[in-house]
Amino acid sequence: MRSLLPLLLLFLLLPLPSSSFSPTNYGYEFGYVPMGGIQTVVVLYNISLALGSPDMSVQQNVCLNVGGQEVFVQNVLEPLSLTESGWQTSVYFNGAYNETNSNLQGHVFNLTTTWYQQGNFTVIKFYLSNGTFKGERTYLLPGKLLDVVFSGYTTGTVVGGFGNGITAYLGEGFNVSMESFYLFNGTWYVPPIAWSGWVNTGEKAVGGSAYYYDGKVWVVFGNSTSPQLLYNVSVVVVGNQVYTFPKDSLWEAGGKYFVNSTDYVEGEVLRPVGTNYSFTLEKKYQVECSCVMDGVKGNAFYLPSPETVYVREGDRCVALYVNSSRALGNSTGVGNTTNSGVGGAVPHSGTTSPIDVSVWIWSALVVAAVIAVYFLMRKR
142 MRSLLPLLLL FLLLPLPSSS FSPTNYGYEF GYVPMGGIQT VVVLYNISLA
192 LGSPDMSVQQ NVCLNVGGQE VFVQNVLEPL SLTESGWQTS VYFNGAYNET
242 NSNLQGHVFN LTTTWYQQGN FTVIKFYLSN GTFKGERTYL LPGKLLDVVF
292 SGYTTGTVVG GFGNGITAYL GEGFNVSMES FYLFNGTWYV PPIAWSGWVN
342 TGEKAVGGSA YYYDGKVWVV FGNSTSPQLL YNVSVVVVGN QVYTFPKDSL
392 WEAGGKYFVN STDYVEGEVL RPVGTNYSFT LEKKYQVECS CVMDGVKGNA
442 FYLPSPETVY VREGDRCVAL YVNSSRALGN STGVGNTTNS GVGGAVPHSG
492 TTSPIDVSVW IWSALVVAAV IAVYFLMRKR
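Sequential numbering from 142 applies to the sequence shown in the working numbering.
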């Protein structure tokens, strides 16, 4: 029996089993828009992790072209509990990481990163606020600010591990919301299109999913393993008003910018700023629906072209593709038409994922091994 002791001890030292899911990032990511900053309001509701998981983080990431050099910029929140978090800023420049670290209280945070040209320097400013405390960090980099780098990178705020290249394993109940904006000409706007699931940084996560509802992206426990389209731009006409989605995104019509709504002008072209999309106004398809569509409450909606609109159904934002006139009635009944990533407030069944199953089985085996070692030692 004593000969089994070394094997049992070796068994206890084996690493935590890896998940069959590919690590990724879950959060609020978007493509090209002309911008000078990102702002995200992060609310921590539940930060449960799988047993044995490393710490997680909420990271605001962007890559800048400064004097022809790619500069990776990170504004990082490390939740230690629901009442205390670490704050780290990082700028990778000239082959080295320049970092600051501090701690603060709270579970609601405003993470903001801005950048601009000042003389021969690029100024990068980090902010973090919990409502009562506001921290600020400033970096001055020699060189001209050329642009935001989108080729090979995605910009936005995501959940990942904490520490260089670390992967976090999200646990059941995990729930973090993000409300994001980009800075253009001194004003904050909602990104016109958003995704989740693109690898945004070296720190990744497993066991999550994301969905868009009520102006926020919610990252929850789940099993999404590929990029999710959270929402896309769309247009509806109610009466003689044109309404744009998402709310608070920036649009252009007739050489002028507008937000949320504008007067209906037959044949006018609307463009969401920073995209290749355009909509030529006409009342082509009628959708009869006593509902909230694209954030607008009405009974009859007109669409200028085939498009995906977003219908509120209880606590869900349901994506509905429309390419003909139709009547939906009082209950939309479009629950099966959701895009990947646009769904209910709880886009998972609540059952334990394969990640947690493997962890719990491993934990049970470890406990059994410890008990076996204990009885073997007693017999000596």
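Here a beta-carbon is modelled for each residue, glycine too, at the ideal position from N, C-alpha and C.
Comparing the C-beta of residue i with each C-beta of chain D, is any distance below 8 Å?
i: Asn-305; result: Judged by its chain identifiers, the structure shown contains no chain D, having just a single protein chain.
Can you tell which of the options has its C-alpha closest to the C-alpha of residue i?
i: Cys-458; options: Pro-445, Asn-373 and Val-406; result: Asn-373
i: Ala-351; options: Gly-272, Asn-381, Val-378 and Met-319; result: Met-319
i: Thr-308; options: Lys-424, Asp-196 and Asp-404; result: Asp-196
i: Leu-287; options: Thr-279, Lys-266 and Gln-259; result: Gln-259
i: Val-450; options: Asn-464, Asp-456 and Asp-435; result: Asp-435
i: Pro-387; options: Pro-368, Ser-419 and Pro-413; result: Pro-413
i: His-248; options: Tyr-186, Ser-375, Phe-362 and Leu-371; result: Tyr-186
i: Phe-171; options: Val-290, Ile-188 and Lys-285; result: Val-290
i: Leu-411; options: Val-433, Thr-181, Val-378 and Tyr-426; result: Val-378
i: Gly-343; options: Val-360, Val-361, Tyr-233 and Ser-243; result: Tyr-233
i: Phe-262; options: Gly-284, Thr-279, Ser-243 and Gly-272; result: Gly-284
i: Thr-362; options: Tyr-354, Gly-348, Gly-356 and Tyr-353; result: The amino acid at residue 362 is misidentified as Thr; the sequence shows Phe. Of the listed residues, the one whose Cα sits closest to Phe-362 is Gly-348.
i: Tyr-354; options: Leu-205, Val-317, Gly-439 and Glu-277; result: Val-317
i: Gln-180; options: Ala-237, Phe-267, Leu-221 and Ala-191; result: Phe-267
i: Ser-390; options: Thr-403, Gly-380 and Asn-381; result: Thr-403
i: Ser-198; options: Leu-221, Leu-192, Asn-206 and Asn-239; result: Leu-221
i: Ser-292; options: Val-264, Gln-200 and Val-340; result: Val-340
i: Ala-191; options: Tyr-426, Ser-226 and Gly-314; result: Gly-314
i: Asn-235; options: Leu-205, Thr-254 and Asn-326; result: Leu-205
i: Tyr-257; options: Gly-227, Gly-327 and Pro-164; result: Gly-327
i: Arg-278; options: Val-383, Thr-295, Thr-385 and Thr-255; result: Thr-255
i: Thr-295; options: Ala-346, Leu-422 and Tyr-169; result: Tyr-169
i: Ser-419; options: Gln-427, Trp-392, Asn-401 and Gly-439; result: Trp-392
i: Val-376; options: Val-358, Pro-445 and Leu-269; result: Pro-445
i: Lys-425; options: Gln-382, Tyr-443 and Val-358; result: Tyr-443
i: Gln-382; options: Leu-371, Val-400, Gly-396 and Leu-370; result: Val-400
i: Val-437; options: Val-182, Ser-270 and Thr-385; result: Thr-385
i: Val-182; options: Val-264, Leu-269 and Thr-421; result: Leu-269
i: Ile-265; options: Val-452, Leu-370 and Asn-239; result: Asn-239
i: Ala-394; options: Thr-421, Gln-369 and Val-433; result: Thr-421
Around the Cβ of residue i, are there at least 16 other Cβ atoms within 10 angstroms (buried) or fewer (exposed)?
i: Thr-224; result: exposed
i: Thr-298; result: buried
i: Ala-468; result: exposed
i: Asn-202; result: buried
i: Leu-324; result: buried
i: Ala-460; result: buried
i: Phe-322; result: buried
i: Tyr-310; result: buried
i: Val-406; result: exposed
i: Val-483; result: Interpretation of Val-483 is limited by its pLDDT of 43, a score under 50 that renders its predicted location unreliable; the figure taken from the coordinates is listed afterwards. Classification for Val-483: buried.
i: Pro-447; result: exposed
i: Ala-237; result: exposed
i: Ser-365; result: buried
i: Ser-431; result: exposed
i: Ile-496; result: Reliability of the predicted coordinates at Ile-496 is poor, the pLDDT of 39 falling under 50, and no value is obtained from them.
i: Phe-274; result: exposed
i: Thr-241; result: exposed
i: Lys-345; result: buried
i: Ser-194; result: buried
i: Ser-465; result: exposed
i: Gly-380; result: exposed
i: Asn-477; result: With a pLDDT of 37 at Asn-477, under the threshold of 50, the predicted position of this residue should be treated as unreliable, though the coordinate-derived value follows. Answer is exposed; the Cβ neighbour count stays below 16.
i: Met-231; result: In the sequence under discussion, the amino acid at residue 231 is Ser, which differs from the Met named in the question. Per the 10 Å Cβ criterion, buried.
i: Ser-163; result: exposed
i: Ser-226; result: buried
i: Thr-165; result: buried
i: Gly-439; result: buried
Assuming residue i and residue j make a contact with CB atoms under 8 Å, what is their CB distance in whole Å?
i: Glu-429; j: Ala-441; result: 6 Å
i: Leu-252; j: Asn-216; result: 5 Å
i: Leu-337; j: Tyr-167; result: Checking the displayed sequence, the identity of residue 337 turns out to be Ser instead of Leu. Indeed, because the Cβ distance is near 5 Å, the residues count as touching under 8 Å.
i: Gly-272; j: Leu-245; result: Contact doesn't hold; Cβ gap of about 11 Å is too wide.
i: Glu-219; j: Phe-303; result: 5 Å
i: Leu-282; j: Val-207; result: 5 Å
i: Val-229; j: Gly-301; result: A quick correction: the sequence has Gln, not Val, at residue 229. At roughly 13 Å, the Cβ-Cβ gap does not stay under 8 Å, so Gln-229 and Gly-301 are not in contact.
i: Gly-312; j: Ser-189; result: 4 Å
i: Val-360; j: Leu-371; result: Rounded, the Cβ-Cβ distance is 11 Å, inconsistent with contact.
What ranges does the alpha helix (DSSP H) occupy inside the stretch 199–258, keeping only unbroken runs of at least 4 residues that lie completely in it? none
Please confirm if the stretch 326–338 is in contact with the stretch 209–218, defined as three or more CB-CB distances below 8 Å between the two stretches. no
If you scan the stretch 367–444 from start to end, which runs of the beta strand (DSSP E) of 3 or more residues do you find wholly inside it? Listed in chain order, they are 369–372, 375–379, 382–386, 391–394, 397–400, 402–404, 410–413, 426–434 and 437–444.
contact_flag[the stretch 409–423, the stretch 172–192] where n(CB pairs < 8 Å) is 3 or more: With a cut-off of 8 Å on Cβ pairs, the stretch 409–423 is in contact with the stretch 172–192, counting three or more such pairs.
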